[in-house]
Amino acid sequence: MITPLSPLAFLARSAEVFGDKTAIVSAERRLTYRAFAAEATRVAHALRASGIEPGDRVAYLSPNLPELLIAHFAVPLAGAVLVAVNTRLSPEEIAYILDHSGSRLMVVHETLVDRLIPAEGRTTVVIGTAREGALSYDDLLARGSDEPLPWSVDDENATISINYTSGTTARPKGVEYTHRGAYLNALGEIIHSSHSPESVYLWTLPMFHCNGWCTTWAVTAIGGTHVCLPSVDGTEIWRLIDAEGVTHLNAAPTVLVTIANAEQAHPLTRPLVATTAGAPPSPTIIGEMRRLGVRVVHLYGLTETYGPYAVCEPQAGWPADGPERARLTARQGVGMLQTDGLRVVDESMTDVPRDGATMGEIVMRGNNVMAGYFADPDATERAFRGGWFHSGDLGVVHPDGYVELRDRAKDVIISGGENISTVEVEQAVASHPAVLETAVVGVPDERWGERPKAFVILRVGASATEADIVAHVRAHLAGFKAPDRVEFVTELPKTSTGKIQKFVLKNKEWAGSDRRIQG
1 MITPLSPLAF LARSAEVFGD KTAIVSAERR LTYRAFAAEA TRVAHALRAS
51 GIEPGDRVAY LSPNLPELLI AHFAVPLAGA VLVAVNTRLS PEEIAYILDH
101 SGSRLMVVHE TLVDRLIPAE GRTTVVIGTA REGALSYDDL LARGSDEPLP
151 WSVDDENATI SINYTSGTTA RPKGVEYTHR GAYLNALGEI IHSSHSPESV
201 YLWTLPMFHC NGWCTTWAVT AIGGTHVCLP SVDGTEIWRL IDAEGVTHLN
251 AAPTVLVTIA NAEQAHPLTR PLVATTAGAP PSPTIIGEMR RLGVRVVHLY
301 GLTETYGPYA VCEPQAGWPA DGPERARLTA RQGVGMLQTD GLRVVDESMT
351 DVPRDGATMG EIVMRGNNVM AGYFADPDAT ERAFRGGWFH SGDLGVVHPD
401 GYVELRDRAK DVIISGGENI STVEVEQAVA SHPAVLETAV VGVPDERWGE
451 RPKAFVILRV GASATEADIV AHVRAHLAGF KAPDRVEFVT ELPKTSTGKI
501 QKFVLKNKEW AGSDRRIQG
């Protein structure tokens, strides 16, 4: 007998098997798995009592708190679709997402209420102190009941959530995840990040970002403990690692930099797995984390692939440690267990040779590729041309079959007809001992069209000149790839997930220019 797949089954099982075990930890409360399932059930009933019908969208605007984690089960349990909204967006951007998704009910944390633009026909629920015209979260719970609901769905291909892209060059697009895709991607997370019922997972990654790379469902499936962290802070991260016995976390490479360079950082006496994605990590930060006793699992993917799609699977023949091990681990790797093909192709959809040099576009397909863009069939058709999802990322394939990301198509620097990978240059800059963090973009050049420029944050107490950085890169890469200019800064523009916003840097550099080679 075949039954539809859904992450709802994960919480049902864990509430039965691990009922008295701590499921959720936050500054305000601790919930067992039995209480977790009970609150999800009550919220589901409350949503129905508030007029939410099957297929309706329910939006949440919240930091990493228990209420948002519970919503990942409560909303689909009600038959609705979860829209978790980026907390760093402007009021206008949030309004666009709410309107585009047609969300009928909005749950917002009290610290973010001012980001909302009032709209007719939308119920607002506030986590914390409610405002005039809105319900409190307790009021919403009061509308619910404890009557059991079936932890199942009739159609595994129904939409479970909609996640909006960053929209840096156009309006954000709503990426539709299915119950089946979320279920299978969560299982892949469990396997590749080595989760078990003993897992204590620290939420450094926003839950709104690709549903926390599906880890909202994965940790629940295995009966692990979720430790909620509302915002990234190095001191608090290390306090929780020690106090709660954290075994796992997910983070963008820039967050790993924060962790490695926090004053409280110290070598660990027990295993900690840090899964990283969102941007190519430098071998330097991978090496630093290993010296702290942290095992780095490097994943690659996009919002359109439920977050992670590929993993840099370690091989027995790799060096046990050192720079070569870090370099190999920094590659994007191969498809995860639940995927159906990771390719690098040319414009005719022919696979590029496995020479580690010929660049092509990374394309993907399988259960953990989106169903499509919500209410945008034209964009969906373009994304799936040739029967594969086109990532817009450029990469190479090494002789061992491992894929390495070289750049976003829009970030490649074309200098005098030569393509320069900003990722490659960034990794060379980051290997300088004085460099804490860096970003490289193309800037206007009268002779070559554009040339690399590096923005660099130095480590506390360290010093380096522009000439030092340029000379260091030239010692590692061909001379034409070295940046012509280095600007020392105290911070870099970042998304809420810690990904560096190169477009902000490029817009500043190209302002006033009558030509723009890269957008």
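Sequential numbering of the sequence shown, starting at 1, is according to the UniProt record's numbering.
Ideal placement from N, C-alpha and C gives every residue a C-beta, glycine not left out.
Close Cβ partners of residue i (< 6 Å) along its chain, the five nearest in sequence each way excluded
i           : result
L11         : A37, F73 and T220
A15         : Y33, R34 and A37
P230        : P63 and N64
P323        : none
A462        : A434
T168        : In this prediction, T168 has a pLDDT of 49, which is less than 50 and means its spatial position is unreliable; nothing more can be read from the coordinates.
S431        : T284
D20         : T32
G128        : E110
residue 603 : Outside the displayed range of the chain (1 to 519) lies residue 603, so it cannot be described from this structure.
S282        : Q427 and A430
A130        : S136
Proximity of residue i and residue j at Cβ, strictly below 8 Å
i           : j    : result
A84         : M207 : yes
P452        : P483 : yes
G234        : Q264 : yes
L405        : V429 : no
L256        : M289 : yes
V107        : Y60  : yes
A277        : G301 : yes
E176        : M359 : no
V440        : E466 : no
residue 564 : V153 : With the chain running from 1 to 519 in the structure shown, residue 564 is simply not present.
V403        : V344 : yes
D393        : R382 : no
C210        : T303 : yes
H192        : H248 : no
V232        : T204 : yes
Y309        : K173 : no
V296        : V311 : no
V113        : V125 : no
L328        : V334 : no
I469        : T254 : no
Buried or exposed by the 16-neighbour rule on C-beta atoms within 10 Å, applied to residue i
i           : result
K508        : exposed
G401        : exposed
T438        : buried
D138        : exposed
N250        : buried
T350        : exposed
H266        : exposed
residue 520 : The structure shown does not extend to residue 520, since the chain is modelled only from 1 through 519, so no value can be given for it.
G212        : buried
L337        : exposed
E189        : buried
E426        : buried
P91         : exposed
R104        : buried
V473        : buried
E446        : exposed
D56         : buried
E418        : exposed
W318        : exposed
Sequence-distant residues of its chain with Cβ nearer than 7 Å to residue i (five each side left out)
i    : result
V246 : V200, L202, V227, L240 and L272
L458 : A434, V435, L436, A464 and F488
T22  : R30, T32 and T225
R180 : L5, E156, N157 and N367
P66  : I24, S26, R29, L31 and C228
A40  : L11, I70, F73, A74 and L77
I222 : I190, H195, S196, P197 and S199
Beta-bridge pairing of residue i - partner residues as DSSP gives them
i    : result
E418 : S415
D351 : V345
H192 : Answer by DSSP bridge pairing: none, since H192 is not bridged.
W203 : C228
M106 : A59 and T124
A84  : Y60
T22  : T32
G512 : The partner list for G512 (beta bridge, DSSP) is empty, contrary to what the question assumes.
Y177 : S161
Test: residue i CB closer than 8 Å to a CB of chain D
i   : result
A59 : Of the protein chains in the structure, only one exists, and it is not chain D.
8 Å Cβ shell around residue i - same chain, five flanking residues per side excluded
i    : result
A262 : G234, T235, I237 and W238
F389 : E304, T305, V363, M364, R365, V369, M370 and A383
L141 : E39, R42, V43 and A46
Give the list of continuous beta strand (DSSP E) stretches no shorter than 3 residues that lie fully inside the region 114-173. Along the length of the region 114-173, whole beta strand (DSSP E) runs at least 3 residues long occupy 123-127 and 159-164, reported in chain order.
Quick check for students: name the residue ranges of the alpha helix (DSSP H) that lie wholly in the region 362-422, counting only runs of 4 or more. 377-383
Run through the region 215-265 for me and flag every whole beta strand (DSSP E) of 3 or more residues, listed as ranges in chain order. 225-228 and 248-251
Run through the UniProt domain "AMP-binding enzyme C-terminal" (424-499) for me and flag every whole beta strand (DSSP E) of 3 or more residues, listed as ranges in chain order. 435-445, 449-458 and 485-488
With a floor of 4 residues, list each alpha helix (DSSP H) that falls wholly inside the region 267-351, ordered by position along the chain. 283-291 and 323-329
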